[in-house]
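Peer 1:
2 protein chains.
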Amino acid sequence: MKSTARATRDDRLDRVFGALSHRTRRAMLRRLERQPATVTELAAPFDMSLPAVSKHLRVLESAGLVRRDIDGRIHRCSLEPGPLREADKWLDHYRAFWSDSLDALADYVERGSQ
Amino acid sequence: MKSTARATRDDRLDRVFGALSHRTRRAMLRRLERQPATVTELAAPFDMSLPAVSKHLRVLESAGLVRRDIDGRIHRCSLEPGPLREADKWLDHYRAFWSDSLDALADYVERGSQ
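These protein sequences, in sequence, are chains A and B. If you read the first sequence in the numbering used here, its first letter stands for residue 1294, the second for the next number, and so on. If you read the second sequence in the numbering used here, its first letter stands for residue 1294, the second for the next number, and so on.
1. Identify the residues that DSSP records as bridge partners of LEU1335/B: which are they?
2. Which complete beta strand (DSSP E) runs does the segment 1335 to 1387 of chain B hold, if anything under 3 residues is left out?
3. Using a beta-carbon distance below 9 Å, is MET1294/B in contact with chain A?
4. Throw me the rounded Cβ distance for the LEU1335/B and ARG1324/B pair, which I believe falls under 8 Å.
5. For a cutoff of 9 Å on Cβ pairs, would you count ARG1360/B as touching chain A?
6. Between ARG1308/A and chain B, is any beta-carbon pair separated by less than 9 Å?
7. Let's test the definition: count the other Cβ atoms within 10 Å of the Cβ of HIS1349/B and tell me whether it reaches 16, buried, or not, exposed.
8. As a quick exercise: from ASP1340/B, LEU1358/B and THR1333/B, pick the residue whose alpha carbon is nearest that of ARG1319/B.
9. Distance check for LEU1306/B and ALA1282/B, CA to CA, integer angstroms please.
10. Compare the C-alpha of GLU1373/A against each of VAL1309/A, ASP1340/A, TYR1387/A and ASP1303/A and name the closest.
11. Could you tell me which residues DSSP pairs with ALA1330/A in its beta bridges?
12. Quick one: is MET1294/B buried, meaning 16 or more other Cβ sit within 10 Å of its Cβ, or exposed?
13. Where does SER1314/A fall in DSSP's three states?
14. Between the beta-carbon of HIS1315/B and the beta-carbon of VAL1346/B, is there less than 9 Å?
15. What's the gap between the Cα of PRO1376/B and the Cα of LYS1382/A?
16. Determine whether the Cβ of GLN1407/B lies closer than 9 Å to any Cβ atom of chain A.
17. What's the C-alpha gap between PHE1390/B and PRO1338/B?
18. If you draw a straight line from the C-alpha of ARG1361/A to the C-alpha of HIS1386/A, how long is it?
19. When Cβ atoms are compared, which residues of the segment 1372 to 1387 of chain A fall closer than 9 Å to chain B?
20. Applying the criterion that 16 or more other CB atoms from any shown protein chain within 10 Å of the CB defines a buried residue, is LEU1446/A buried or exposed?
21. For PHE1384/A, does the count of other Cβ atoms within 10 angstroms reach 16, so buried, or fall short, so exposed?
22. What distance in whole Å lies between the Cβ atoms of THR1331/A and ILE1367/A, which are believed to be in contact at a cut-off of 8 Å?
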């Protein structure tokens, strides 16, 4: 069972980090923070075709970062920030390195001033 | 100048998140936390060819996450955690959402118990 849970977590992290690896998709997430948007509204700031925008949206949806509510011809997209938390947790592990480096720098500066 | 700096930061984030979007590369970074390793040592836990491992390593190097020191035929790889900090900073923005959700949940529970 454990290996299945692990595969699922790895799958989710692969998809979330993959979704974040393109600036257009990061910009779309930032846009959706303010409020939900239609696909056309989301596409407006980008110099790309609607199919290209839809492709990026599908990557975000498959990572669970965007929810699409369909009302007739209107597709309304909302941010689902939950999966970012798992990515954040993976990175959390490395925060000690940055703190360690800052401590090492502080020690170095301190020794130099004595 | 600002737009150039922005493009560079976007490039770095594209590369770092892209590097993290494969479980093998995440596992390699975790392995290198303990200590530097040769390419053969890094490849050992994975059921893949040395060229496949080298390809993943090149992605990590191009994101600035791994440094390779070459001493004759020995390639020694070390972790360079710095670029993860920028990814962490990008995600930092969303922590308010999780805190807000927890606050909302706490409010809900509190109202329910009165």
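By construction, the Cβ of each residue, glycine as well, lies at the ideal position given by its N, Cα and C atoms.
Peer 2: Answer, in terms of the structure:
1. In the DSSP output, where bridge partners are listed per residue, LEU1335/B has none listed.
2. When DSSP assignments are scanned along the segment 1335 to 1387 of chain B, the uninterrupted stretches of beta strand (DSSP E) that are 3 or more residues long and fall wholly within it turn out to be 1359 to 1364 and 1367 to 1372.
3. Since pLDDT at MET1294/B reaches only 45, below the 50 mark, its modelled position is unreliable, and the value read off the structure follows with that caveat. MET1294/B is outside the set of residues whose beta carbon lies under 9 Å from a beta carbon in chain A.
4. Confirmed, Cβ separation roughly 6 Å.
5. Any Cβ of chain A closer than 9 Å to the Cβ of ARG1360/B would place that residue at the interface, and such an atom is absent.
6. At least one chain B Cβ lies under 9 Å of ARG1308/A.
7. Answer is buried; the Cβ neighbour count reaches 16.
8. The option with the nearest alpha carbon to ARG1319/B is LEU1358/B.
9. Here chain B has residues from 1294 to 1407 only, and residue 1282/B is not among them.
10. GLU1373/A has its Cα closest to that of VAL1309/A, out of VAL1309/A, ASP1340/A, TYR1387/A and ASP1303/A.
11. ALA1330/A pairs with CYS1370/A.
12. Caution applies to MET1294/B, whose pLDDT of 45 falls short of 50 and renders its modelled position unreliable; the value that the coordinates give is listed next. Looking at its Cβ environment, which holds fewer than 16 other Cβ atoms inside 10 Å, MET1294/B is exposed.
13. Look at SER1314/A here: in three-state DSSP terms it is coil, with no helix or strand label.
14. The criterion of a C-beta distance shorter than 9 Å is not satisfied by HIS1315/B and VAL1346/B.
15. Note on geometry: alpha-carbon atoms of PRO1376/B and LYS1382/A lie some 16 Å from one another.
16. Annotation note: pLDDT 48 at GLN1407/B (below 50); position unreliable, coordinate value reported separately. With 9 Å as the cut-off, GLN1407/B does not count as an interface residue toward chain A.
17. Rounded to whole angstroms, PHE1390/B and PRO1338/B show a C-alpha spacing of 37 Å.
18. Approximately 32 Å between the Cα atoms of the pair.
19. Against chain B - using a Cβ distance shorter than 9 Å - the residues of the segment 1372 to 1387 of chain A are LEU1372, PRO1374, GLY1375, LEU1377, ARG1378, ALA1380, ASP1381, TRP1383, LEU1384, ASP1385, HIS1386 and TYR1387.
20. An answer regarding residue 1446/A cannot be provided, because it is not within the stretch 1294 to 1407 covered by chain A.
21. The residue asked about is misnamed: residue 1384/A is Leu in this sequence, not Phe. By the neighbour-count rule (16 or more Cβ atoms within 10 Å), LEU1384/A is buried.
22. With 8 Å as the limit, ILE1367/A and THR1331/A qualify as a contact, their Cβ atoms being about 6 Å apart.
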